[in-house]
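Student: Questions regarding the structure given below will be posed in turn.
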Amino acid sequence: MKEDKNETRWDKLLRIRTMGRDDSNADQYRYPYEPTPYSVLERLANTGLIRKGNTLLDYGCGKGRVDFFLSYQTRCQSVGIEYDERIYEKAVENRETAAASGRVSFELANAENFVVSEKVDCIYFFNPFSLEILQKVISRILDSYYEKPRTIQMFFYYPSDEYISYLMTVGELMFTDEIDCRDLFPGNDPRERILIFELPVDE
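Okay, here's the thing in structure tokens:
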């Protein structure tokens, strides 16, 4: 119950509607919309890893919760991309009322075709799609990284074993830390964590 209260409280404070799951357009490649719990986002915001000067890219942003919350809490710029038109429209509607709307934008796009802006230096994933799509997405991110070398931090919430095994094989990626979130929920689920990978820049 406490978690539900927190969810409602933040939605209200941010003046958005992001609760509930939606799997109407999910398939084997693109997974259902399910928002990251606010308690997890609070923990991420409190690390200080995302700051005012950062630009966050949120893959499979759904109704925009991650974008609104993190730009509100950390004052970063945030770009959410969503392929499902109906859910994307909900994010755009939220932007009309949201507390942090000035720093948030959304794009209707397929992740694997999306060209990553050179401003992006933080990226968030909550299992939005299959491993096949993730591989294409990482290669797009690497293109952007090589065009303009900069430190890029990637945050993977509730990562699958498949994701982790693959990420560990990407030569450029460095595993830097994890944020343990098991204590936030019952059941001691080992996947309740955010893994942090970095594309570093040689000084």
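Here the sequence shown stands for residues 111 to 313, where the numbers follow my numbering. In this text, a Cβ means the ideal position worked out from N, Cα and C, and glycines have one as well. Note that this is a predicted model, so its numbers are computed, not measured.
(1) If you check the beta carbons only, do V226 and S188 fall under 9 Å apart?
(2) Quick one: give me the first and last residue of the alpha helix (DSSP H) that D253 is part of.
(3) State the Cα-Cα distance for the pair D293 and F224, rounded to the nearest angstrom.
(4) What is the rounded straight-line gap between the Cα of M111 and the Cα of S181?
(5) Let's test the definition: count the other Cβ atoms within 10 Å of the Cβ of A209 and tell me whether it reaches 16, buried, or not, exposed.
(6) Just grab the DSSP bridge partners of I233 for me.
(7) Taking G158 as the reference, give the member of E192, C232, E199, D168 with the closest Cα.
(8) With a CB to CB cut of under 7 Å and the five nearest residues on each side skipped, what residues in its chain are close to V247?
(9) Is DSSP giving L283 helix, strand or coil here?
(10) Along the chain, where does the alpha helix (DSSP H) containing I197 start, and where does it finish?
(11) Provide the residue span of the alpha helix (DSSP H) that contains E152, from first to last.
(12) Taking Cβ to Cβ, would you say R125 is nearer than 9 Å to R161?
Tutor: Let me spell this out:
(1) no
(2) 241-257
(3) 35 Å
(4) Because the pLDDT at M111 is just 48, under 50, the model does not fix this residue reliably, and the value given afterwards should be weighed accordingly. When rounded, the distance between both Cα atoms is 26 Å.
(5) exposed
(6) L167, M264
(7) C232
(8) Y169, A221, E222
(9) coil
(10) 195-207
(11) 148-155
(12) no
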